[in-house]
Structures are given as structure tokens and as C-alpha cells.
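Position one of the sequence shown corresponds to residue 20 (this note's numbering), numbered consecutively onward. Reading through the C-alpha cells given below for one structure.
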Amino acid sequence: MEQSNHRPLAQAVQEFDVSLVDMDPFFIHYTAYTVWMDRGFLHLLKTLGHPLHTLFAEGFGFPVVHCQLDFWEPAALDERVRLTTALVRLGRTSLTVRYDFARVEADGSLTPLARGESVHVYTQRATRQAHELPAWLRALAEDPTA
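Structure (C-alpha cells):
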């Protein structure tokens, strides 16, 4: 079951302010984006009705096996950032998530800051073995409005 298309299978949007802990002496520190990607992935799972803590309780998790980021503009302290997290591909045991970061300008317009992508493998925690994606995720490939 390889699923990929241009339209996201699911997405979640959130906004937050850049804080001092996200900064280096110049602007945003690049590692802040990986923390925000994790925040976005957790928010996406929650939006889909399956928060990570419930998956942990069932004995499963989604470790990251690949991560990449491209940066276009720096973010600065106290700026508002919109993160759009989109599920863009389902494999048999893995999924790919895209993260679009944008500065929310005073007039409400968005300035693209960065784009990231992560690949997660659905894994049984006790054995650390990859496992077929659960039915609730596979259903998204059949009906993206589910």
C-alpha cells in the first residue's frame, strides 16, 4: 500500500511565538525547527484522534528514521509562527510528514520561513520492529476526508 499524492491525507495547523530558548545570538537556532516538527507531529496525531500517549499505551510508537529541513528566512524573537503539518505519504510501515513554517505578519499575511520533512516508522515498542500501519491511518489513503 504505497500512497502518495499532492493533496495531504490529513493536516493540522497551529501557531506559536518564537521564544528566547529558540534563539542563538543572531536569530532562530536551527534546532528549534526540529522541536517544532515534533510538536507538529504530536498535534497531527491528536487531531486524528490518536495522541501519542494512547499509542504508547497500546505498545507502539513512531520513531523518526529520516529528517530534513530547508530554510529561506530567519525567524526572530517574539515573532508569530504558523506551522502547518501535513501527512503526505503512507507506506506499508512508514509515513511521511511535511512541515511548513511561516511568519505571521502584522497584516495577517504569511512569509515562508522553512519546510521540513520527516519519515516515521510505526514500531512495536517492546521488540523495536516495524509493524504495518494501523487501520485508522490506512483508511486515510482510501478516504482522505475520514
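Here a beta-carbon is modelled for each residue, glycine too, at the ideal position from N, C-alpha and C.
Contact under 9 angstroms by Cβ, residue i with residue j
{"i": "residue 61", "j": "residue 29", "result": "no"}
{"i": "residue 156", "j": "residue 114", "result": "yes"}
{"i": "residue 116", "j": "residue 138", "result": "yes"}
{"i": "residue 106", "j": "residue 159", "result": "yes"}
{"i": "residue 41", "j": "residue 32", "result": "no"}
{"i": "residue 91", "j": "residue 129", "result": "no"}
Rounded straight-line distance, which links the Cα of residue j to that of residue i
{"i": "residue 27", "j": "residue 104", "result": "9 angstroms"}
{"i": "residue 58", "j": "residue 125", "result": "24 angstroms"}
{"i": "residue 154", "j": "residue 93", "result": "39 angstroms"}
{"i": "residue 45", "j": "residue 101", "result": "21 angstroms"}
{"i": "residue 81", "j": "residue 108", "result": "14 angstroms"}
{"i": "residue 21", "j": "residue 84", "result": "Annotation note: pLDDT 44 at residue 21 (below 50); position unreliable, coordinate value reported separately. For residue 21 and residue 84, the distance between alpha carbons rounds to 18 angstroms."}
Collapsed DSSP secondary structure at residue i in the structure displayed
{"i": "residue 145", "result": "coil"}
{"i": "residue 72", "result": "helix"}
{"i": "residue 80", "result": "strand"}
{"i": "residue 59", "result": "helix"}
{"i": "residue 101", "result": "strand"}
{"i": "residue 37", "result": "coil"}
{"i": "residue 49", "result": "coil"}
{"i": "residue 158", "result": "helix"}
{"i": "residue 66", "result": "helix"}
Whole-angstrom C-beta distance between residue j and residue i, which should lie under 8 angstroms
{"i": "residue 37", "j": "residue 97", "result": "6 angstroms"}
{"i": "residue 71", "j": "residue 64", "result": "6 angstroms"}
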